[in-house]
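Numbered as in the numbering used here, the sequence shown ends at 284 without a single skipped number.
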Amino acid sequence: MHGVDLHTHSNISDGTLSPEQLVQAASAIGIHTLALTDHDTMDGLAAAEAEAVKSGIALISGVEISSQWSRPATKKSYGVHIVALNMQHPAPLLALLAQQKQIRAARARQICDLLIPLTGQDIYVDVTAKVDGIADRITRTHIAKTLVEKGLVSRPQQAFDKYIKEGKKAYVKFDGPGLQETIQVIHASAGFAVLAHPTRYDLSATNIRYLIELFAQSGGDAVELPPALEPLSTRQMVDRMIAAHGLKVSVGSDFHGGNMPWIKLGNIPQIKEGQAGIWESFR
Ligand code: AMP
Ligand code: MN
Ligand code: MN
Ligand code: MN
Numbered sequence: 002m003h004g005v006d007l008h009t010h011s012n013i014s015d016g017t018l019s020p021e022q023l024v025q026a027a028s029a030i031g032i033h034t035l036a037l038t039d040h041d042t043m044d045g046l047a048a049a050e051a052e053a054v055k056s057g058i059a060l061i062s063g064v065e066i067s068s069q070w071s072r073p074a075t076k077k078s079y080g081v082h083i084v085a086l087n088m089q090h091p092a093p094l095l096a097l098l099a100q101q102k103q104i105r106a107a108r109a110r111q112i113c114d115l116l117i118p119l120t121g122q123d124i125y126v127d128v129t130a131k132v133d134g135i136a137d138r139i140t141r142t143h144i145a146k147t148l149v150e151k152g153l154v155s156r157p158q159q160a161f162d163k164y165i166k167e168g169k170k171a172y173v174k175f176d177g178p179g180l181q182e183t184i185q186v187i188h189a190s191a192g193f194a195v196l197a198h199p200t201r202y203d204l205s206a207t208n209i210r211y212l213i214e215l216f217a218q219s220g221g222d223a224v225e226l227p228p229a230l231e232p233l234s235t236r237q238m239v240d241r242m243i244a245a246h247g248l249k250v251s252v253g254s255d256f257h258g259g260n261m262p263w264i265k266l267g268n269i270p271q272i273k274e275g276q277a278g279i280w281e282s283f284r
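Right under this line is the structure:
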């Protein structure tokens with residue numbers, strides 16, 4: 002599957018390349034099948050598609066949905082990202098994304114409000130300027146960058162660690178739809194549901210396995226393979242869960258342009274023999 006990247010961001014969410022620039026960059030390095038998967042928005046797809054037609058690559062419609070799940074025994078709910086791919090009839094998903102955008106816009110204001118007593122500044126106007134005034138595109142990445150620019154922290158990671166990650170004072174949970182509802186809406190749009198980066202949620206191994214099982218039982222289609230730099234044992238655990246539940250695999254770099262310069266477009270892990278790529282199901 003060299004030449005496939007099914008998880009990327011543009012400046013419609015927290016990437017730095019425009020959708021057109023992203024497609025051009027993908028084409029230049031030999032990617033033939035690219036999905037644009039911005040956070041809770043498909044607003045970049047039309048521009049990306051127009052550029053993909055010019056570049057002669059296949060642009061797969063996509064979006065990374067902020068969802069949540071919980072274990073029945075506990076009250077705690079956990080955030081999870083579900084990548085939706087290849088929607089043939091996007092109307093149901095667009096209706097869900099309209100709600101997601103309202104949540105995202107309101108949450109950005111809430112986070113900035115919580116930051117006021119902690120930093121002595123209201124950074125909301127500067128944050129909003131980063132997204133051309135379109136508040137429903139604001140991610141915590143934009144808030145972290147603004148905190149750096151204001152000299153309130155030295156690096157974006159420090160903004161997360163000090164203020165805006167889970168457990169910190171300016172953390173606001175993204176109260177999105179549950180796993181089952183998210184998958185149902187993706188299927189109602191004739192798309193595929195992919196569990197994004199299962200090893201990147203700060204979950205115990207037990208909870209990662211529980212999440213993958215729950216995702217499979219909820220009708221999910223494929224699991225994203227961990228990046229090659231993660232420990233082999235982590236990859237093997239994910240491979241075992243994929244096999245045990247008859248899931249397909251997806252591959253994506255989670256490219257964010259200059260916001261995460263260490264992530265290279267098209268840098269995806271190898272699939273194991275016997276694993277079925279979700280991209281084989283695209284039409
Ligand atoms: P949001 O959807 O607004 O919660 O923003 C999520 C984005 O913030 C993710 O896609 C990452 O790009 C970034 N992010 C989330 N958690 C962290 C973290 N602990 N450190 C650095 N970046 C993070
Ligand atoms: Mn992101
Ligand atoms: Mn994600
Ligand atoms: Mn992502």
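Each residue gets a CB set at the ideal place from its N, CA and C atoms; glycine is no exception.
Considering only the alpha carbon of each residue, which of the options lies closest to residue i?
{"i": "Ile213", "options": "Arg72, Gly63 and Leu46", "result": "Arg72"}
{"i": "Leu196", "options": "Thr75, Ala109 and Val224", "result": "Val224"}
{"i": "Val5", "options": "Gly258, Ala206 and Ile58", "result": "Ile58"}
{"i": "Gly63", "options": "Met88, Lys76, Ser78 and Ala74", "result": "Met88"}
{"i": "Glu21", "options": "Thr34, Ala29, Ala51 and Asp15", "result": "Ala51"}
{"i": "Ser56", "options": "Ala27, Asn268 and Lys166", "result": "Ala27"}
{"i": "Trp70", "options": "Leu266, Tyr202, Ile272 and Cys113", "result": "Tyr202"}
{"i": "Thr75", "options": "Ala145, Ile243, Ala36 and Asn208", "result": "Asn208"}
{"i": "Gln276", "options": "Pro91, Tyr211 and Ile243", "result": "Ile243"}
{"i": "Lys102", "options": "Asn260, Gln122, Gly177 and Pro262", "result": "Gly177"}
{"i": "Met261", "options": "Phe175, Lys131 and His143", "result": "His143"}
{"i": "Thr17", "options": "Glu274, Lys265, Phe283 and Gly278", "result": "Lys265"}
{"i": "Lys249", "options": "Gly267, Glu231 and Gly220", "result": "Gly220"}
{"i": "Leu86", "options": "Tyr79, Leu46 and Glu274", "result": "Leu46"}
Going by DSSP, what residue range makes up the alpha helix (DSSP H) through residue i?
{"i": "Ser71", "result": "Counting along the chain, Ser71 falls outside any alpha helix (DSSP H), though it belongs to the beta strand (DSSP E) covering Gly63 to Ser71."}
{"i": "Ser234", "result": "Leu233 to Ala245"}
{"i": "His143", "result": "Arg141 to Glu150"}
{"i": "Tyr211", "result": "Ala206 to Gln218"}
{"i": "His188", "result": "Leu180 to Ala189"}
{"i": "Leu46", "result": "Leu46 to Ser56"}
{"i": "Tyr125", "result": "Tyr125 to Ala130"}
{"i": "Pro112", "result": "Residue 112 is actually Ile in this sequence, not Pro. Ala92 to Thr120 is the extent of the alpha helix (DSSP H) around Ile112."}
{"i": "Leu23", "result": "Pro20 to Ala29"}
{"i": "Ala85", "result": "Premise fails: Ala85 lies in the beta strand (DSSP E), Ser78 to Leu86, not in any alpha helix (DSSP H)."}
{"i": "Ala160", "result": "Pro157 to Ala160"}
Since residue i is in the beta strand (DSSP E), which residue starts that stretch and which ends it?
{"i": "Thr34", "result": "Thr34 to Ala36"}
{"i": "Lys249", "result": "Lys249 to Ser251"}
{"i": "Leu196", "result": "Phe193 to Leu196"}
At a cut-off of 7 Å, would you count residue i as near ligand 3, judging by its Cβ distance to the nearest heavy atom?
{"i": "His188", "result": "no"}
{"i": "Ala197", "result": "yes"}
{"i": "His33", "result": "no"}
{"i": "His246", "result": "no"}
{"i": "Glu231", "result": "no"}
{"i": "Glu65", "result": "yes"}
Report whether the distance from the Cβ of residue i to the nearest heavy atom of ligand 1 is below 7 Å.
{"i": "Arg110", "result": "no"}
{"i": "Phe193", "result": "no"}
{"i": "Phe161", "result": "yes"}
{"i": "His8", "result": "no"}
{"i": "Phe175", "result": "yes"}
{"i": "Asp15", "result": "yes"}
{"i": "Thr140", "result": "yes"}
{"i": "Pro157", "result": "yes"}
Would you tell me roughly how many angstroms separate the C-alpha atoms of residue i and residue j, rounded to the nearest one?
{"i": "Ile117", "j": "Glu281", "result": "49 Å"}
{"i": "Pro199", "j": "Ile32", "result": "24 Å"}
{"i": "Thr120", "j": "Arg105", "result": "22 Å"}
{"i": "Gln182", "j": "Ser19", "result": "Correcting the residue identity first, residue 182 is Glu in this sequence and not Gln. If you take the alpha carbons of Glu182 and Ser19, they lie about 30 Å apart."}
{"i": "Ile272", "j": "Gly134", "result": "41 Å"}
{"i": "Leu94", "j": "Ala53", "result": "22 Å"}
{"i": "Tyr179", "j": "Ile124", "result": "Before going on, a small fix: residue 179 reads as Gly here, not Tyr. Going from the Cα of Gly179 to the Cα of Ile124 covers about 31 Å."}
{"i": "Lys166", "j": "Ser14", "result": "18 Å"}
{"i": "Ser234", "j": "Pro227", "result": "11 Å"}
{"i": "Ala48", "j": "Leu23", "result": "10 Å"}
{"i": "Val128", "j": "Ala171", "result": "15 Å"}
{"i": "Asp222", "j": "Gln122", "result": "44 Å"}
{"i": "Val286", "j": "Ile66", "result": "This structure cannot speak to residue 286, because the chain is shown only from 2 to 284."}
{"i": "Val81", "j": "Trp263", "result": "23 Å"}
Say yes only if the C-beta of residue i is nearer than 7 Å to one or more non-hydrogen atoms of ligand 2, and no if none qualify.
{"i": "His257", "result": "yes"}
{"i": "His143", "result": "no"}
Is the beta carbon of residue i within less than 7 Å of some heavy atom of ligand 6?
{"i": "His82", "result": "Ligands in the displayed structure: ligand 1, ligand 2, ligand 3 and ligand 4; ligand 6 is not one of them."}
Ligand 4 and residue i: does the residue's C-beta get closer than 7 Å to at least one heavy atom of that ligand?
{"i": "Thr207", "result": "no"}
{"i": "Thr200", "result": "no"}
At least three beta-carbon pairs within less than 8 Å, the stretch 144 to 154 to the stretch 27 to 40: no
At least three beta-carbon pairs within less than 8 Å, the stretch 5 to 15 to the stretch 239 to 258: yes
Validate contact between the stretch 155 to 170 and the stretch 181 to 191 using beta carbons, cut 8 Å, 3 pairs: no
If you pair each beta-carbon of the stretch 132 to 141 with each one of the stretch 96 to 114, do three or more pairs fall below 8 Å? yes
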